[in-house]
Ligand SMILES: Nc1ncnc2c1ncn2[C@@H]1O[C@H](COP(=O)(O)O)[C@@H](O)[C@H]1O
Ligand SMILES: Nc1ncnc2c1ncn2[C@@H]1O[C@H](COP(=O)(O)O)[C@@H](O)[C@H]1O
Ligand SMILES: Nc1ncnc2c1ncn2[C@@H]1O[C@H](COP(=O)(O)O)[C@@H](O)[C@H]1O
Ligand SMILES: Nc1ncnc2c1ncn2[C@@H]1O[C@H](COP(=O)(O)O)[C@@H](O)[C@H]1O
Ligand SMILES: [Mg+2]
Ligand SMILES: [Mg+2]
Ligand SMILES: [Mg+2]
Ligand SMILES: [Mg+2]
Ligand SMILES: [Mg+2]
Ligand SMILES: [Mg+2]
Ligand SMILES: [Mg+2]
Ligand SMILES: [Mg+2]
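Chains as they are written, first to last, in our numbering: chain P, -15 to 201; chain Y, -15 to 201; chain G, -15 to 201; chain U, -15 to 201; chain F, -15 to 201; chain B, -15 to 201; chain A, -15 to 201; chain S, -15 to 201.
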């Protein structure tokens, strides 16, 4: 692992066989591998190859997030003294948020999921003020107009990483309005690309690692 | 006037003299004229021409909104039994909101200005709930990420017209993110073009006229 | 229902099962649900789930508009004293117009459909002048160059909501030229996103509600 | 002249002196020159150079269209038996339409100007039906939503050349919506670039030449 | 037929059945119909419906151009004394050029096809100088950089209509570079939208009709 | 101050007088104010107003970064036990980096500037490995192709915030290529908008505050 | 062959049969043909047609690069005294790089493949300094942020041709960020379109031919 | 100098003083400096600083190309046995071509200028066939539709570097159509950014150096 981030393989644009080979190498050298954007054929290929090569290895998948984690039996996952909130505006944000959650789990952070608090009904997010303020760092995912990170960043002191999601149609659809709105936010926050759940999760994990290290000193 | 909307002249792209001629014709035929995007030279030219031609005419200007209203002495402005809220997220929305206000005033609506309630500090807009809910129709102006109309439309039952404003820099700047976000809104609302304060005001005025007429029957 | 608008579920990007669950909840709590962008599998799943759970519930679908309405037996739809015209330029505008009609029907408005009056043959829309002027509020749908709302708004006193439709190919295709043209319109009107029939219908419904309430006072 | 089109020099991006030299060469070799986008300094420089070099030459300018025509005393302009209508939606279309008119005049066509017939008030263009139908070929200039060429092309049998004009602000401003709308038109027409009055005029002139030639045989 | 242009039905976005109904109506009222963008199912549906309803009707299709012409037995196609050249840069321009040819054939023009004369090998187009100069009006189709219309318009006196074609990949692909290049052309020409073979053909047909009429007087 | 971030006023789009008023209010209520994008007239107006109203207040400016800090005599700036590196690719990145530095100074972080290490000469950044690895969090500013953040994030374990800068001309100029490249980065990092030095600085400051707090516990 | 470049047929947008015909003609007239973007059906069709028509012809394919080379038995490939490096950032660049390699092989250059040296791990490319400096001309392929060509061009004296690849998602995805970054590069290099492996290979081949010719004199 | 390319300073976005300092350093360490995009104040500042610091230094400027070369008295410019053609379509291409010429002169290449051979009059470029074929490498500059590089690359065997120029207005103006057309070219060529004369010149210089070196072995 570089920077404590698990070796990640983006399955999109790779054959199932190529992905499986890369997973095997990572499991054998670093003890685990994370696959993103995995379809059924990829999951199948990885399972077959890992089962054949590494005794007692485990392969866990999350269908909605389209992630897969392969782990050697000896691998000891890290554990951080840091809390990350993963917040979503609606159900269509689940896949991107799930990708973020998968990498955060591998990095050892404590994760709080706060779902379905989109700003069209402002009371839902206001009701979560305590849960939001408990986090050391937050990922806030939203599609369409993507206004939720701006509101959340106005409610907490911790850093917020905004994750635009490719939902919506017409002008500004497919995450464009959300990305633009987050980059234009009147609140202080930083942004990752549309649907880049892996990047959001890993960046939040790096902040969590730094806080964990500071707490241990 | 067509549809009860005052004859409006967009000074941008016209010489002061051309604008002044058009104002004069409108004052003489309909009793008044509204100029938008008026610079100093235009104001000067209109004043001179109107003073010379129409005894006791009045010329009122709003420097910030860059509007001018010329009125013949006999002209009786309409008065509607309907209330329009004009809401802004921040001070940079003042010019566009002022253009909307100018046309609404001419159409005879009762106008409530609710300013500086941008969503980065969500309490400010929540504190205005009563004022917002008192309106028959609302114009909500916002620049940068333009999230305010979505939040307001979630708080009221009346129709909301969203007015994107050309502030902000970088990707999505100059009102692009705001326009896209409003078109993608998870709340129900309709939209006008960037900085189109006149259109927002006139459209709200048409709704106010319809409500006024219904109230009188 | 919030603001008198039926609970609406956008089936695009949801599994049939997810949509069916959301429909069931809405029917049980608010008495009905509206699904937009429903494909065959979604219709099937909703029917099965609703039939099993709610005795005597009805499920109505409109294949062209891709909408579905589920209703509990006890549910009493509202009825408004207000008339909404839904106008289309051509047959390709039928789906978007149908989505608008579906929500307006649920909100209780009286609906007039005026079809196939695109401006390339200007006499067709001129012949409908009386029908157009009878409406309290109008939705005008058009694709390609999207000029119809501008012409209609010049013919009536009531507010016009312009609905751009994703037809056309090449530069400005897929509704882009129509959206841009409507935002640039020389007539006063407000706009919703490309193919946002639901939003156009609900916004017109809010205006109709306001007029209905004013008429009743 | 190539194709009967006068030698044209686009002054934009040239120094006054460069333009003046090119004009002189054209006057000396072809008897005349047309300058487009000429500012005051260019007009001054051309006048000085031409007066000094060519006895009895004439230099005519059109301030609004920003065109200049220099002509040797012996030059005999052509005369075509063909009629071109140059139609505008509003006053902001005057510059582009003037550029078209300037080149048509040099090509010898009979020109009918039909102004201020924008579609927001549809009766104005309907009132010109006879004038429009009298033309052998039409140029129709419009900015903002640019809908006029579509309506005109539905009213006449002759070919229509659509000329988008750079007016309007916000999304689709500066002629973008007009260009896109004309390319998407439901009527049959062909298009030139934004503000390309010279090209529209020359293309109409080529059609007029062909008709003139056919009439003479 | 309006303006001598056959009633044309764009099959894209219509069901085979809808297209077939529209064809039938057109054949019954105007004697013929032209379908563009017809797939196999549409051809099948039209054939079945027309055969059943109109005795001795003919249905002709062009697979490459994806066009279909249905004609009543009594229909007498027009014949124009005018010659139109349809020029292509390469084989990928065949579909768009074929659409143009189909409408020209219905309008009665004499058509010269000049194929495969793209400018990367400049001698090919130079070798066709005589054939090009024989035309009364030209359609020039090109994809990728779309430079052919510029070169051809520099070789002939007749008007040129440029037809950009959606070939090419990467930046400017799908006809964007071709459209932009044609609108920026240093030669005089007018343009239609990407792949708008029908519009190019009908516009050339209108010019041909005007020349034909002039020749007959 | 909200979240420990000094009250910041974006002078762009405000009159000097408006900015001065806002500064005064902030100094009086929070003890200080930060102005960004300040021109000479703004600096002058702020100085005059602050000097007149607050005895012994200080006003410091940075001409290159176009920032101004006004401070009441009693104000005690915070001091954080955390180290932020501000890294630039070239001299044109100085203004944006200076804006980030100004806010970080107000938040009390220890700041390391590492300048002129653009990747076209890769040895320069490699030579700074130790300095880069000493930071708790890094801001990396770059214009044109914006590749530096990707390389730096591959060299350190701490979180990297990428700051695209509006230099460069032609396609992707004005910061567009840099923004896109940072969002597409193969390294893990988060991004702020083009020239958003204030946001980058404040976000890094929030991370520094979190680390400082963890170190103190 | 023109310019020593093998006749190349882009199979995309052609039927297998059309491609096969063009291959046959090229093999018969120039001794060989190169097909790019060949799918299975195309490979099948070409093989069948070539085998039937040209005795002892060979047909070689590269599945990953989607290229096919058909060669007449007598054909003698050229051999150049020049060395071209083909460098990739990651495995997703393999297809584009393979297309470049295929044409370079036909032009007779000596080819060095240097793979998987993306800049997120800067040591990989630094380790290849000697191999990179051995080349007479280099092609550098990269997707996502496309930073590798900039770094490589800073390490060598020979000319670098940058080849952007269509990988990545969200803003700047599909090769857009890579293309923009390469055009904005702080290093000196020239660029081809996204995925234009053939063009990159042929352009490098032209440089190699020039060097080969100079070496032979 | 790196790669034989003179140290180049882009004056745009630097103060005259900053540029002058950078020039001085370059002259003192490498014997010379090249400034691009130099305005009058920059030229003045450089002259003053260089005259004061380096006895007998020379400062040469090219007003049209906006370049400046400062040279120490001892500096011996290189001389290459290689010929580069710099070709322009029209007079507006002079500035970009001049920038390319300036760097090529410093690199020691023999330069042939071939001007005003735009493709709208195809005979002009055909007449230069011999001059074009004499070059070892060519730079071809063109604005508007940018078709000239495609035609030239079809006429020569040497590599062509295409240089798009920011002329033209409307859609595709400011060099966009030219850049897109060159990237889509049906001929083999590579491209630099809009107006990047320096990059085109330096890249051609690198090819010339390679050929020169090969000739000397
Ligand atoms: N979903 C994802 N989004 C963004 N980056 C990813 C994702 N999954 C993997 N990556 C990263 O992409 C980089 C390139 O991946 P690869 O193409 O697998 O070599 C790796 O360094 C991964 O860390
Ligand atoms: N066709 C549609 N267009 C726009 N919005 C819709 C449509 N259908 C449903 N919605 C709204 O989209 C919002 C978010 O939807 P969901 O993703 O289902 O939570 C809901 O509040 C719906 O009212
Ligand atoms: N306003 C204009 N718009 C478009 N083209 C023009 C205009 N004025 C002149 N031209 C044409 O631009 C071409 C190139 O112009 P120049 O740069 O003057 O050589 C000439 O062939 C002119 O016919
Ligand atoms: N006109 C120009 N276009 C593109 N790059 C340039 C130009 N002038 C100088 N450069 C290069 O830009 C790089 C960055 O320049 P600077 O900002 O001066 O450090 C230097 O390596 C120069 O070689
Ligand atoms: Mg959202
Ligand atoms: Mg705002
Ligand atoms: Mg339409
Ligand atoms: Mg108009
Ligand atoms: Mg072509
Ligand atoms: Mg940089
Ligand atoms: Mg890469
Ligand atoms: Mg050119």
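A virtual CB, placed ideally from N, CA and C, is assigned to each residue, including glycine.
### beta strand (DSSP E) segments (min. 3 residues) lying fully within the stretch 97 to 148 of chain Y
As far as the stretch 97 to 148 of chain Y is concerned, its whole beta strand (DSSP E) runs of at least 3 residues are 121 to 126 and 144 to 148.
### Query
Can a CB atom of chain G be found closer than 7 Å to the CB of residue 179 of chain F?
Under the 7 Å criterion on CB atoms, residue 179 of chain F is classed as interfacial with respect to chain G.
### Query
Relative to the C-alpha of residue 84 of chain P, which residue among P:95, P:76, P:75 and P:74 is closest?
Closest by alpha carbon: P:95.
### Task
Would you mind sorting residue 198 of chain A into buried or exposed? The rule is 16 or more other CB atoms within 10 Å of its CB.
Buried: at least 16 other Cβ atoms inside 10 Å.
### Task
Thinking residue 57 of chain A and residue 40 of chain A are a contact (beta carbons under 8 Å), I'd like their distance in whole angstroms, please.
Contact flag correct, Cβ pair sits at about 4 Å.
#### Entry: Residue burial classification, residue 25 of chain G (beta-carbon count within 10 angstroms, cutoff 16)
Burial call: exposed.
#### Entry: Chain-ordered chain Y contacts of residue 174 of chain G [CB-CB under 7 Å]
Contacts between residue 174 of chain G and chain Y, judged by CB atoms closer than 7 Å, involve 145, 174, 175, 176 and 187 in chain order.
### Query
Along chain F, in chain order, which residues have C-beta atoms closer than 9 Å to that of residue 159 of chain A?
Near residue 159 of chain A (Cβ distances below 9 Å), the residues of chain F are 154 and 155.
### Query
How about residue 76 of chain A: is its C-beta nearer than 7 Å to some C-beta of chain P?
Closer than 7 Å: yes.
### Message
Distance cutoff 7 Å, beta carbons only. Does residue 194 of chain F sit that close to anything in chain U?
### Response
Interface criterion met: the Cβ of residue 194 of chain F is under 7 Å from a Cβ in chain U.
### Query
Span of the alpha helix (DSSP H) holding residue 198 of chain P?
For residue 198 of chain P, the enclosing alpha helix (DSSP H) begins and ends at 181 to 200.
### Query
Should residue 151 of chain U be flagged as near chain Y, meaning a C-beta pair shorter than 7 Å?
Judged by the 7 Å Cβ criterion, residue 151 of chain U is in contact with chain Y.
### Message
Whole angstroms are fine: how far does the CA of residue 191 of chain S sit from the CA of residue 68 of chain A?
### Response
Taking the straight line joining both Cα atoms gives about 13 Å.
### Query
How would you list, in chain order, the residues of chain B whose beta-carbon sits under 8 Å from the beta-carbon of residue -3 of chain S?
Going along chain B in sequence order, the residues near residue -3 of chain S (Cβ under 8 Å) are 76 and 151.
### Query
With residue 137 of chain A and residue 121 of chain A assumed to form a contact (beta carbons below 8 Å), what rounded beta-carbon distance in angstroms separates them?
No, residue 137 of chain A and residue 121 of chain A are not in contact; Cβ-Cβ is about 12 Å, not under 8 Å.
### Query
Is residue 177 of chain S buried or exposed, if buried means 16 or more other CB atoms sit within 10 Å of its CB?
Buried: at least 16 other Cβ atoms inside 10 Å.
### Query
From residue 167 of chain A to residue 124 of chain F, what does the alpha carbon distance come to, in whole angstroms?
Distance between the alpha carbons of residue 167 of chain A and residue 124 of chain F: 32 Å.
### Listed by chain order, chain G residues near residue 19 of chain Y by CB distance under 8 Å
Within chain G, no C-beta atom comes less than 8 Å from the C-beta of residue 19 of chain Y; the nearest is roughly 17 Å away.
### Query
Are there 16 or more other CB atoms within 10 angstroms of the CB of residue 63 of chain B, so buried, or fewer, so exposed?
Residue 63 of chain B should be labelled exposed.
### Task
Kindly identify the DSSP beta-bridge partner or partners of residue 17 of chain Y.
For residue 17 of chain Y, which the question treats as bridged, DSSP gives the partners Y:54.
### Message
Strictly under 7 Å for the Cβ-Cβ distance: is residue 132 of chain A near chain S by that measure?
### Response
So, not an interface residue.
### Message
So, with DSSP's three-state summary, where would you put residue 40 of chain U?
### Response
Look at residue 40 of chain U here: in three-state DSSP terms it is coil, with no helix or strand label.
### Query
Mind pulling the chain U residues with CB within less than 8 Å of residue 2 of chain Y?
Proximity of chain U to residue 2 of chain Y at the Cβ level (cut-off 8 Å) is accounted for by 75, in chain order.
#### Entry: Inter-residue Cα distance where the pair is residue 4 of chain Y and residue 48 of chain Y
Approximately 20 Å, taken between the alpha carbons.
### Query
Taking residue 145 of chain Y as the reference, which of Y:109, Y:1, Y:23 and Y:72 has the closest Cα?
Nearest option by C-alpha distance: Y:72.
#### Entry: chain U contact residues for residue 117 of chain G, given Cβ-Cβ distances below 8 Å
Taking a Cβ-Cβ cut-off of 8 Å, residue 117 of chain G has no neighbours in chain U, whose nearest Cβ is about 14 Å from it.
### Message
Check for me: the alpha helix (DSSP H) holding residue 89 of chain P runs from which residue to which?
### Response
Its alpha helix (DSSP H) spans residues 78 to 91.
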